[in-house]
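Visitor: Take a look at the following structure, please.
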Amino acid sequence: MNNKIKENIVKLSIVISGILLISFVMFPIVCVVLGYNFEQSEKVWIVIGIATFISGTVMVVLMCFIKLTPEITKPDKALLMFETYDKLKVSLDEELIQRQYFKIKEISSYKNVEIIIYIKSQRLWVFDCFAIIKTSELSDEIVNNANDSITECFKEYYNKNTVTNTVNMISLFCVDRITPTFRKMVNMNIQQGIKNGRFVAGASFGGKIIYIANQIDGYALGKYRRLRNEFCDIMNID
6 MNNKIKENIV KLSIVISGIL LISFVMFPIV CVVLGYNFEQ SEKVWIVIGI
56 ATFISGTVMV VLMCFIKLTP EITKPDKALL MFETYDKLKV SLDEELIQRQ
106 YFKIKEISSY KNVEIIIYIK SQRLWVFDCF AIIKTSELSD EIVNNANDSI
156 TECFKEYYNK NTVTNTVNMI SLFCVDRITP TFRKMVNMNI QQGIKNGRFV
206 AGASFGGKII YIANQIDGYA LGKYRRLRNE FCDIMNID
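For the sequence shown, the working numbering begins at 6 and goes up steadily by one.
As structure tokens, this is what we get:
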């Protein structure tokens, strides 16, 4: 089954679940407006409710287990206005604090990789996170270890074994030289999670360019656009 068919199945499931949910909520209201005896139609309402529950369960299962193969997309590019990583780091620290983010941890241990994590409360149980990952050359191993380190940081911060809060993550990978891992990351169509949001950008100090990974379709496109706008505002990119 190709990626497009799998994506259409997930989208169809979302549409059906949405229609059933609206029907379930509106059914009693429509009965009152049209003058029907709701008690006589209650069995129909119960059937709609059961169908809504089943459809919603199927939708969640599909979104969890159907893994869409990320499509290759061209990243947007902007000029990197900072000569060195240290100057970028100082500027970002000032800008993020001004925007009510606060630094929760700075990690500098694994293979000279530096990770700085900022977080801001968006609303109840929902947080925006800005993570800066600095390395000379990006590899799959470094990406995996960085993700693990960030997850452990959240567990430590929330004092929980699992992170139950919604975290919308902006990740900025800063490198001196572009590698295949870096290129694959910024050329990949971003996929949002059911709960958590995701945005990825890369800054190459060798070429003085910022690469902004795109999401051209898929689930929760509006979440991607909000995180992208937040990143561009922080980086002062038009």
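Cβ coordinates follow ideal geometry from the N, Cα and C atoms, glycine included. Just so we're clear, the structure is a prediction, and the values are computed from it rather than from any experiment.
Taking Cβ to Cβ, would you say Arg203 is nearer than 7 Å to Ile215?
Guide: For the purposes of this step, residue 203 is taken as residue 198 along the sequence shown, with counting starting at 1. For the purposes of this step, residue 215 is taken as residue 210 along the sequence shown, with counting starting at 1. Against a cut-off of 7 Å, the Cβ pair of Ile215 and Arg203 comes out as no contact.
Visitor: Taking only the alpha-carbon atoms, compute the straight-line gap between Thr62 and Ala225 and give it to the nearest angstrom.
Guide: As a working mapping, residue 62 is identified with position 57 in the sequence shown. As a working mapping, residue 225 is identified with position 220 in the sequence shown. If you take the alpha carbons of Thr62 and Ala225, they lie about 18 Å apart.
Visitor: Give me the residue from Thr89, Asn170 and Val95 with the minimum Cα distance to Leu129.
Guide: Walking along the sequence shown from the start, residue 129 turns up at place 124. Of Thr89, Asn170 and Val95, the residue nearest in Cα terms is Asn170.
Visitor: Here's the rule: buried if 16 or more other CB atoms are within 10 angstroms of the residue's CB, otherwise exposed. What is Arg233?
Guide: The count along the sequence shown starts at 1 and reaches residue 233 at position 228. Result: buried.
Visitor: Determine the DSSP secondary structure at Tyr123, reduced to helix, strand or coil.
Guide: Start at 1 with the first residue of the sequence shown, and residue 123 comes out as number 118. In the structure shown, Tyr123 sits in a strand (DSSP, three-state: E or B).
Visitor: Can you give me the start and stop residues for the alpha helix (DSSP H) that Glu146 sits inside?
Guide: Within the sequence shown, the letter at position 141 stands for residue 146. Residues Asp145 to Tyr163.
Visitor: Could you work out which residue in Asn173, Val148, Val118 and Asn219 is closest to Ser126 when comparing CA atoms only?
Guide: For the purposes of this step, residue 126 is taken as the residue at position 121 of the sequence shown. Measuring from the Cα of Ser126, the nearest candidate turns out to be Asn173.
Visitor: Would you say Gly211 and Val191 are within 7 Å of each other, going by their C-beta atoms?
Guide: Here residue 211 is taken as the residue at index 206 of the sequence shown, counted from 1. Here residue 191 is taken as the residue at index 186 of the sequence shown, counted from 1. No, they are not a contact pair.
Visitor: At what residues does the beta strand (DSSP E) containing Thr186 begin and finish?
Guide: Sequence index remark: in the sequence shown, residue 186 carries index 181 (1-based). That residue, Thr186, is in no beta strand (DSSP E); its alpha helix (DSSP H) goes Pro185 to Val191.
Visitor: Report, in whole angstroms, the separation of the C-beta atoms of Ser154 and Ile120, which I expect to be a contact under 8 Å.
Guide: As a first step, residue 154 must be located in the sequence shown, where it is residue number 149. As a first step, residue 120 must be located in the sequence shown, where it is residue number 115. With 8 Å as the limit, Ser154 and Ile120 qualify as a contact, their Cβ atoms being about 6 Å apart.
Visitor: Can you check whether the CB of Ile217 is closer than 7 Å to the CB of Asp81?
Guide: Position 76 of the sequence shown, counted from the first residue, corresponds to residue 81. Position 212 of the sequence shown, counted from the first residue, corresponds to residue 217. Their beta carbons are under 7 Å apart, which means Asp81 touches Ile217 by this criterion.
Visitor: Quick one, which of Phe32, Lys189, Leu17 and Arg230 has its alpha-carbon nearest Ile175's?
Guide: Indexing the sequence shown from 1 puts residue 175 at position 170. For the residues Phe32, Lys189, Leu17 and Arg230, the minimum Cα distance to Ile175 belongs to Arg230.
Visitor: Are the CB atoms of Leu85 and Lys213 within a distance shorter than 7 Å?
Guide: As a working note, residue 213 is residue 208 in the sequence shown. As a working note, residue 85 is residue 80 in the sequence shown. For Lys213 and Leu85, yes; Cβs fall inside 7 Å.
Visitor: Quick check for students: name the residue ranges of the alpha helix (DSSP H) that lie wholly in the region 63-103, counting only runs of 4 or more.
Guide: If we require 4 residues or more, the alpha helix (DSSP H) runs fully inside the region 63-103 come out as 90-103.
Visitor: Ser96: which of Lys189, Pro185 and Ile137 sits nearest, CA to CA?
Guide: Taking the first residue of the sequence shown as position 1, residue 96 is located at position 91. Of the candidates Lys189, Pro185 and Ile137, the one whose C-alpha sits nearest the C-alpha of Ser96 is Ile137.
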